[in-house]
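Participant: Residue numbers for the sequence shown follow this note's numbering, so the first one is 908 and each next one is one higher.
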Amino acid sequence: MPRIQHRKIGFSHMFTCSTGNDVSDGDSGRSSGMTVVVGPDWKALLCTVVLVVGSTIIYVGRSSQSTGRSVLVSLLAVNTLGLLLRCALTEPGIIPVQPLPNSLPPMTVREASSDLGGGLVAVERRWCTACNLYRPLRTVHCRFCNVCILRRDHHCPWTGTCVGERNYRYYVGFILSALVSATVIVVGSLWDFYVACHRWKSANPSDEWADVLRGGIRHFGVLGVVVFLIGIMACVMLLNLVFFHWYLLRHNATTSEENKGGAYAQHPFSSGNRWLNIKSVLFGFPTPSLLGRQGHVKLLEVLAVKPIDMEEEGRIEVDSQPLPSPKSPAAVIEMEPVDMSDASEKLPNVSDASKYSGPA
């Protein structure tokens, strides 16, 4: 018999549907069955679902619609709803909260990344006091979900959850599909209104244009006007979102990084090729979830702090303010050149940081 297990992660809820043949993971408390994660703002998600379904039913249900257009709008609505639910129920990249360490760790530790043009750059990783871990590269703690999210873009009120590394592609598909659907509804509504006015004018040739417009609106119906206005507002909002995320995709950036500015304004994670950036974000292999049994080894790799080998690395030399590397294992919060000859003063905490890097 299928069993549904519930587990709370931060302010989100994880539901796992497992059968008697599924193997449970004692370390993480998760079985190997199908898993969905519902964000804390699940009521907002329900409102979005009602808005999509309700607008489609009202539009398709009106007698003036052509069969072909009704089928098109219905298919677009199904696609939009599917991408919305896929984005909302996919685990966005949550890093499990770690046990509280016995002693208070340093708030920042410094590492060296050796993949920035062949040189070395010192980067800082900050301690998350809520999750008890050093935040990995591009990780942000969400105050709405109360967990750290890998490559967090933003917390979306329409999906009720965070948009992060594992569900960002579905979010982009959702807003694109919703924009196309809203555009079809708006254009179709304008055409129906024109037809209604034309029929009214044909039946009442002596009426003024003001009377014709009122007659067209009366024939169009209150619900038709409401759906048209919703479609207009959706088009304006979604068009802005689509252009903004197209810009982010071209530069392999996130909303959080764009809002921070500073070094992130130079798009340090971009490969320099917009198509490679888009391919890596939207069509790359999804990161395995760190919540399950299979993600346990990956979790240790993500949380591990890698100390600098003083003798092997020698000295960090950079000509100007360094930028983070796309392949760096360290989280970039603040960056500055570090003279390794004075490493005892510059890097006091790196050698002790491994004991705070997660479970063994």
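Note that beta-carbon positions come from the ideal geometry of N, C-alpha and C, so glycine has one too.
Values in this document were obtained by computation on a predicted structure and should not be read as measured data.
Between A951 and the rest of its own chain, which residues show a CB-CB distance below 7 angstroms, the 5 nearest in sequence each way excluded?
Facilitator: P1064, W1065 and G1067
Participant: Less than 7 angstroms between C-beta atoms, sequence neighbours within five positions excluded: which residues of the same chain meet that for I1139?
Facilitator: Once the five neighbours on either side are set aside, the close Cβ partners of I1139 are V1093.
Participant: F1150: buried (16+ other C-beta within 10 angstroms of its C-beta) or exposed?
Facilitator: Exposed.
Participant: So the alpha helix (DSSP H) C1104 belongs to, where does it begin and stop?
Facilitator: Its alpha helix (DSSP H) spans residues Y1075 to A1110.
Participant: What span of residues does the alpha helix (DSSP H) with M1014 cover, start to end?
Facilitator: Counting along the chain, no alpha helix (DSSP H) covers M1014, and no H or E run does either.
Participant: Is P1012 near V1070, with beta carbons less than 8 angstroms apart?
Facilitator: No, the pair does not count as a contact, with Cβ atoms beyond the cut-off.
Participant: My understanding is that P1006 touches N1039, with C-beta atoms under 8 angstroms, so please give their C-beta distance in whole angstroms.
Facilitator: 7 angstroms
Participant: For the segment 1121-1202, which segments carrying the alpha helix (DSSP H) assignment without a break, of at least 4 residues, lie completely within its bounds, in sequence order?
Facilitator: Those alpha helix (DSSP H) runs which fall completely within the segment 1121-1202 and span 4+ residues are 1129-1158, 1162-1167 and 1181-1189.
Participant: Classify V943 as helix, strand or coil using the three-state DSSP reduction.
Facilitator: In the structure shown, V943 sits in a strand (DSSP, three-state: E or B).
Participant: How would you write the range of the beta strand (DSSP E) that R976 sits in, first residue to last?
Facilitator: R976 -> not in any beta strand (DSSP E); alpha helix (DSSP H) instead, spanning T974 to L996.
Participant: Taking buried to mean at least 16 other C-beta atoms within 10 Å of its own C-beta, is T942 buried or exposed?
Facilitator: Looking at its Cβ environment, which holds 16 or more other Cβ atoms inside 10 Å, T942 is buried.
Participant: Could you tell me the alpha carbon to alpha carbon distance between L1146 and L1156, rounded to whole angstroms?
Facilitator: 15 angstroms
Participant: Taking buried to mean at least 16 other C-beta atoms within 10 Å of its own C-beta, is H1105 buried or exposed?
Facilitator: exposed
Participant: Taking the CB atoms as reference points, tell me whether P1043 and V1209 lie closer together than 8 angstroms.
Facilitator: yes
Participant: Helix, strand or coil: which one does DSSP assign to C1055?
Facilitator: Strand.
Participant: Considering just the uninterrupted stretch of the alpha helix (DSSP H) at S1113, what are its terminal residues?
Facilitator: Annotation for S1113: no alpha helix (DSSP H) segment contains it, and DSSP assigns it neither H nor E.
Participant: For my contact list, T1046 and E1031 are in at a C-beta cut-off of 8 angstroms; report their separation, rounded to the angstrom.
Facilitator: Contact doesn't hold; Cβ gap of about 13 angstroms is too wide.
Participant: By a C-beta neighbour count over all protein chains shown, 10 Å radius and 16 as the cutoff for buried, is V1164 buried or exposed?
Facilitator: A quick correction: the sequence has Glu, not Val, at residue 1164. By the 10 Å Cβ count, E1164 comes out buried.
Participant: Select from G1199, C1055 and L1097 the residue whose C-alpha is nearest the C-alpha of Y1041.
Facilitator: C1055
Participant: Are the Cβ atoms of G917 and N1053 separated by less than 8 angstroms?
Facilitator: Going by C-beta atoms, G917 is nearer than 8 angstroms to N1053.
Participant: So R1073 packs on S1196, CB below 8 angstroms; how close in whole Å?
Facilitator: 7 angstroms
Participant: Over the uninterrupted beta strand (DSSP E) stretch that includes C1049, give me the two end residues.
Facilitator: V1047 to C1049
Participant: Residues in the same chain with beta-carbon distance under 6 angstroms from L1281, minus the five sequence neighbours each way, listed in chain order, please.
Facilitator: With the chain represented from 908 up to 1267, any question about residue 1281 goes unanswered, as that position is not in the structure.
Participant: Around the Cβ of G968, are there at least 16 other Cβ atoms within 10 angstroms (buried) or fewer (exposed)?
Facilitator: exposed
Participant: Compare the Cα-Cα distances from Y1075 to each of G1169, N986 and H1061 and report the closest residue.
Facilitator: H1061
Participant: Look up V1070 in the DSSP assignment and say whether it is helix, strand or coil.
Facilitator: If DSSP states are grouped into helix, strand and coil, V1070 belongs with the strands.
Participant: In angstroms, rounded to a whole number, what distance separates the CA positions of G1199 and H1158?
Facilitator: 31 angstroms
Participant: At the level of alpha carbons, what is the spacing between W1270 and G1122?
Facilitator: Look at the range of the chain in this structure, 908 to 1267, and you will see that residue 1270 is not part of it.
Participant: Let me confirm a value: F1190 is counted as buried when at least 16 other C-beta atoms fall within 10 Å, else exposed. Which label applies?
Facilitator: With fewer than 16 neighbouring CB atoms inside 10 Å of its own CB, F1190 falls in the exposed class.
Participant: With H, G and I counted as helix, E and B as strand and the rest as coil, what does DSSP make of S919?
Facilitator: strand
Participant: DSSP three-state call for I911: helix, strand or coil?
Facilitator: strand
Participant: Could you tell me how far apart the beta carbons of N1184 and S1177 are, in whole angstroms, since I believe they sit closer than 8 angstroms?
Facilitator: The Cβ separation is near 6 angstroms, so the contact holds.
Participant: By the DSSP assignment, the alpha helix (DSSP H) with C1330 in it spans what residues?
Facilitator: Not covered by the structure: residue 1330. The range shown for the chain is 908 to 1267.
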